[in-house]
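So the protein lines, in turn, are chains A and B. Start counting the first sequence at 538; every next residue gets the next number (this note's numbering). Start counting the second sequence at 547; every next residue gets the next number (this note's numbering).
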Amino acid sequence: MKIKKSITRDLLILLGVFAVLWVGFSYIPFFKSDDEKVSLLSIANEERLGKIITEAIEKEPTTKICSNDVLDSAMLLIKSRLIKNIGLTEYDYRIKVIDKNDINAFTVPGGNIYVYSGLINFCENPEELAAVLAHEIGHAEKRHVVSKLAKELGISILFSVLSGNNGVLISEIGRTSLSTVFDREQEKQADEFSYALMEKSKLDPKNMSSFMLRLREKYADAEKVMDNLEWMSTHPNTNSRIKSALEYKTASGFVSSPFTLDWTKVNESIKKGNS
Amino acid sequence: MMETTAEYYPLEQPDELTLRQKEDAMGAYLMMFAAIGAGLPLPNINLAAAIIYYYINKSSSRFVRFHSFQALIATIPTTLINAGAMFWTLHIIFGDWHVNSNFKGYIIAAVIANLAYFVIGIIAAMKARKGIYYYYMFFGKIAYQKVFSIKSGDDKKEVPVNLPPNL
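What follows is the structure, encoded as structure tokens:
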């Protein structure tokens, strides 16, 4: 019996040593991946970083923020329906419209989302815009935005921006927020998040596929090239995104409740300009 | 302290062992390193070699049996650890798993475990060559139990007795 005890003790020591080595090395920040390093940046710091970046973006002479009563109330209506259904969130979301014809939307740290007016014009109904916004919220909630910046520029750059105002770095971060795409896995996660959020918000997740379908038609030639390069591309191509949106199964008994918004009026308000 | 009276066969001392026995015992450890080289991509080859070596020496002296059994069972953890590392790596390369700090931590812990196994193996081989018993933590005790404990049926075995012819 004495021997059995001594053998068991030895075994536990050996297993313990291995476990300590494994856990110990896993916790050393040097070995952390970019995604994991993001956890080093608190939400409060991310909010501060977001404030610095949004100020820099909005100060740019080329940036013109679109704002009028019709547009603002429409955006608020869509935003509040989505936010109400996220559940617990650490971000105080701010969504702004930039007057630019490109079909694009991007997220900067701290829950700040920018939508181009070109994208709003491209959406056939407010539900399509909600799908795009839900996707962007997904990137923010999963902290992809900070992770992307940490990967592109290094986490130390983000901390140095927080510790002092460095104009060059801030505009670099602003450019990175705008230009770089997320990786395949992150896009997939944001898509899945958006389908679930749309469903919870009583909006049909298939609005994402109708949006993507028209986007594919618009950029038909460019997409042809992307299809052939799908394996190499880090961005999941439009076809697989359309497919995943169409395949998303809503719970039985799901009934969508579209927005009661005059979408033509919203689009016209953008053309009319700021009030 | 373990009780060794009556329950265990006596240990052979260095001067009671032949050079062949010492070299066979040393071979149990050195053979492992040769097998590691051959089996690097497939960690199980190493374990298979240890099992074969143990069975080849099964009828040899307790000294050789002890060392080959200790070498055999001490291979199991590193084999499992390396198989785990390989499994994880393949999932990252061909599947949708990601390199994270847990993976990096595991790989470093696995490298340390393999280095420790290598160093201790060299020490055990050198001791065995001198006819000395070298007990690994945990595995040494298991091997000692396996090879030296006197099983209840051992003393009842019929030992042939040579008799003169009927005159």
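Idealized CB from N, CA, C, for every residue including glycine. It should be emphasised that the depicted structure is a prediction, and the values quoted were computed from it without experimental measurement.
Taking CB distances under 8 Å as the criterion, tell me whether A:S543 reaches chain B.
So, interface residue.
Tell me whether the segment 648 to 655 of chain B and the segment 554 to 564 of chain A touch, counting them as touching only if at least three CB pairs, one residue from each stretch, are closer than 8 Å.
yes
When you compare the CB of A:F730 with every CB in chain B, is at least one pair closer than 8 Å?
no
CA nearest to the CA of A:L666, picked from A:M612, A:G790, A:T713 and A:A677:
Closest option to A:L666, Cα to Cα, is A:M612.
Taking only beta-carbon positions, decide if B:M632 is within less than 8 Å of chain A.
no
Report the rounded CA-to-CA distance for B:A689 versus B:F612, giving the unit in angstroms.
Rounded to whole angstroms, B:A689 and B:F612 show a C-alpha spacing of 6 Å.
Determine the extent of the beta strand (DSSP E) in which B:Y680 is found, giving its start and end residues.
From DSSP, B:Y680 is part of no beta strand (DSSP E); its letter is neither H nor E.
In the segment 648 to 660 of chain B, which residues sit with their C-beta less than 8 Å from some C-beta in chain A, listed in chain order?
N648, K650, G651, Y652, I654, A655, I658 and A659
Closest by C-alpha distance to A:D547, when choosing among B:A671, B:K673, B:A620 and B:I669
B:A620
On a Cα-Cα basis, can you pick out the residue from A:I674, A:N703, A:S747 and A:I640 that is closest to A:Q723?
A:I674
Excluding the five sequence neighbours on either side, which residues of its own chain have a C-beta within less than 8 Å of the C-beta of B:A659, listed in chain order?
Excluding residues within five positions, the ones whose Cβ falls inside 8 Å are P623, T624 and I627.
Assign A:G515 to buried or exposed, taking buried as 16 or more other Cβ atoms, counted over all protein chains shown, within 10 Å of its Cβ.
In the structure displayed, chain A extends from 538 to 812; residue 515 of chain A sits before or after that span and is not available.
Just the C-alpha distance for A:I544 and B:H644, rounded to the nearest angstrom, thanks.
Distance from the CA atom of A:I544 to the CA atom of B:H644, rounded to whole angstroms, is 37 Å.
Out of curiosity, what's the CA-to-CA distance linking A:L670 and A:S746?
14 Å
Any C-beta of chain B under 8 Å from that of A:S777
no
Would DSSP call B:F612 helix, strand or coil?
helix
Please list, in chain order, the chain A residues whose beta carbon lies closer than 9 Å to that of B:Q691.
I540 and I544
Nearest chain A C-beta to B:K697 closer than 8 Å, yes or no?
At a cut-off of 8 Å between beta carbons, B:K697 makes no contact with chain A.
Give the range of the beta strand (DSSP E) segment to which A:K539 is assigned.
Membership of A:K539 in any beta strand (DSSP E) is not indicated; the residue belongs instead to the alpha helix (DSSP H) covering K539 to Y564.
Report the residue from A:P663, A:K601 and A:T644 whose alpha carbon sits nearest the alpha carbon of A:L614.
If we check each option's Cα against that of A:L614, A:P663 comes out closest.
I'd like to know if A:D741 contacts chain B, where contact means its C-beta is closer than 8 Å to some C-beta of that chain.
no
Taking only three categories from DSSP, how would you classify A:S708?
helix
Mark A:A628 as exposed unless 16 or more other C-beta atoms lie within 10 angstroms of its C-beta, in which case mark it buried.
Reading the sequence as shown, one finds Tyr at residue 628 of chain A and not Ala. When all chains shown are included, A:Y628 counts as buried.
How would you list, in chain order, the residues of chain B whose beta-carbon sits under 9 Å from the beta-carbon of A:W559?
N648, G651, Y652, I654, A655 and A656
Measure the C-alpha to C-alpha separation of A:K737 and A:P795 and round it to an integer number of angstroms.
13 Å
Could you give the DSSP three-state label for B:Y554: helix, strand or coil?
strand
Is there contact between the segment 623 to 641 of chain A and the segment 596 to 603 of chain A, where contact requires at least three CB pairs shorter than 8 Å?
yes
A:C603 - partner residues in DSSP beta bridges:
A:V634
Three-state class that DSSP yields for B:A674 in the structure shown:
helix
For A:S563 and chain B, any beta-carbon pair shorter than 8 Å?
yes
Anyone know if the C-beta pair for A:I589 and A:L734 falls short of 8 Å?
no
Tell me which residues share the same chain as A:S793 and place their Cβ nearer than 7 Å to its Cβ, disregarding the 5 neighbours each side in the sequence.
K739, L740 and D741
Anyone know if the C-beta pair for B:A656 and B:Y575 falls short of 8 Å?
no
Go ahead and label A:N744 buried or exposed: buried means 16 or more other beta carbons lie within 10 angstroms of its beta carbon, across all protein chains shown.
Around the CB of A:N744, 16 or more other CB atoms lie within 10 Å, so the residue is classed as buried.
Between the Cα of A:L619 and those of A:S604, A:E678 and A:N582, spot the shortest distance and give me the residue it belongs to.
A:E678
Based on the DSSP secondary-structure assignment, which residues constitute the bridge partners of A:V652?
BP columns for A:V652 point to A:V634 and A:A642.
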